[in-house]
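The next block holds one structure in the form of structure tokens; read it before the comments.
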Amino acid sequence: MKKIAVIGAGVNGLSSAVQVAEHFYSDAQVVLVSDDISPNTTGDGSAGLWEPYLVSLDETVLKWSEDTHRFFHDLWKSGLAPEVGVCLQPIIRVVSNAKNYDIPKWSKIPFGCTSLSEDQLRILSQDHKKNYTGGIHFVSFTCEPTKLLPYLLKRFLNAGGRMERKRVESIDELAKEEYDLIINCTGLGSQKLANDPKVHPIRGQVTRVHAPWLYATYVNDSDDGNYIIVNTDTTVLGGTRQVNDYNTKVSEEDDKHIQEGCEAVEPSLKDAKVVKKWVGLRPARDNIRLEKVEFVAQDGTKVPLIHNYGHGGSGVCLAWGCGKAVLQLAQEIFREEIKSKL
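Just so you know, we're using UniProt numbering here: the sequence shown kicks off at 1 and counts up by one.
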């Protein structure tokens, strides 16, 4: 029986681990290795909005986002929405600092994506006391990580997967344990684990509030814009996108920006009860690294290694699609191994 390690129990690690464990159910023991699990991962604090964000877009990334959108749609239709935190809702995305705002490349994936008319922009600008210059409206999903991650972990364990709670300091550690394949999904941790200086943080600060009267999401994609993203039990107010900022403490200045900016758009938020204030570091990279390589340990041991990290602000939006791609690479590795023995 094969032995496979997946490092990292965030949304990308779990999405990869689930699909690998379910596919190789009778042929491999899949071990999920991580010192942190939900609710202590980076993804747990995010709003889980399906929308490619702070990530470079190409046809491959669009395919991953489409696969994830389909996954959320299937969960929503299956009746699992309350358990996994999936909401289907209208979303308005606007900008105040760009002329001739183009519909994004991903516009054909969600439902009914259309440009906002000049009249609509004028009305929204008046309501929000802004000067919107472009925008779109579409219907899409949020999938709340604090509910999605426990669901994925349960699904992984039901597929015969095993959890090992420990911090991995180097891939060498696992290479010595005679794994047939190692999958690295450690996000920002790949700075050290994969020795990759291209990985860097984009700091995000949010406030969760109880506002059950809200049923639609608002995103201002301008440089200093705010967002109001509705989840199943709470609403997420944001936010910040501070590149190379490692500060994980709540900033009073950012808190003021979030509170005042979101209340200007939705005055009723002044009465919303604050549930939690949170800071997370998005694991960004110029391009997502999802590839197979051969890892050579210090003692000369060679182990197939798949990297899956650098998703920026699109971890939830791309996770299932990236996990599907990881599974395809794992299948290729084992097929090549069989051929080499013939």
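Glycine included, each C-beta is placed from N, C-alpha and C at the ideal position. Owing to the predicted nature of the structure, the values given are computational and were not obtained by experimental measurement.
Beta-carbon spacing of residue i, residue j below 9 Å
i      : j      : result
Leu148 : Val11  : yes
Ile182 : Val296 : no
Val139 : Phe156 : no
Val326 : Gln19  : yes
Val31  : Asn220 : no
Ser46  : Gly323 : no
Glu144 : Val84  : yes
Arg282 : Thr42  : yes
Leu14  : Ile171 : no
Lys198 : Asp286 : yes
Ile7   : Asp180 : no
Leu57  : Pro104 : yes
Exposure label - residue i; buried when at least 16 CB within 10 Å
i      : result
Val293 : exposed
Tyr218 : buried
Tyr246 : exposed
Thr146 : buried
Pro201 : buried
Val243 : exposed
Asp254 : buried
Gln205 : buried
Leu269 : buried
Straight-line Cα distance separating residue j from residue i
i      : j      : result
Leu62  : Lys154 : 28 Å
Trp64  : His307 : 15 Å
Ile37  : Ile123 : 44 Å
Arg241 : Ser26  : 43 Å
Lys108 : Thr114 : 10 Å
Pro90  : His137 : 7 Å
Cys262 : Met163 : 40 Å
Gly239 : Lys2   : 44 Å
His69  : Cys317 : 7 Å
Asp102 : Glu118 : 14 Å
Val33  : Ala9   : 7 Å
Glu278 : Pro39  : According to the sequence as given, residue 278 is Trp; it is not Glu. Rounded to the nearest angstrom, the two C-alpha atoms are 12 Å apart.
Arg167 : Asp35  : 5 Å
Tyr215 : Ala264 : 17 Å
Ile288 : Ala319 : 12 Å
Glu169 : Glu177 : 14 Å
Gly134 : Val250 : 31 Å
Ser16  : Ala330 : 10 Å
Glu291 : Ser222 : 33 Å
Pro82  : Thr232 : 8 Å
Residues that residue i bridges to, as DSSP identifies them
i      : result
Asn139 : Looking at the sequence provided, one finds Val at residue 139 rather than Asn. According to DSSP, which records beta bridges pairwise, Val139 is partnered with Pro90, Phe111.
Phe295 : Val303
Lys2   : Ala28
Trp278 : Val206
Gly238 : Val206, Tyr227
Ala284 : His200
Tyr218 : Ile92, Ile228
Glu164 : Val33
Leu181 : Ile4
Contact with chain D by residue i, beta-carbon distance below 9 Å
i      : result
Glu263 : The chain inventory of the structure shown lacks chain D, comprising one protein chain alone.
Cβ pair count under 8 Å reaching 3, the stretch 41-54 against the stretch 306-314: yes
The stretch 74-83 contacting the stretch 125-135, beta-carbon criterion three pairs below 8 Å: no
Stretch pair the stretch 202-222 + the stretch 269-282: three plus CB contacts closer than 8 Å: yes
The stretch 180-194 touching the stretch 223-232, judged by at least three CB pairs closer than 8 Å: no
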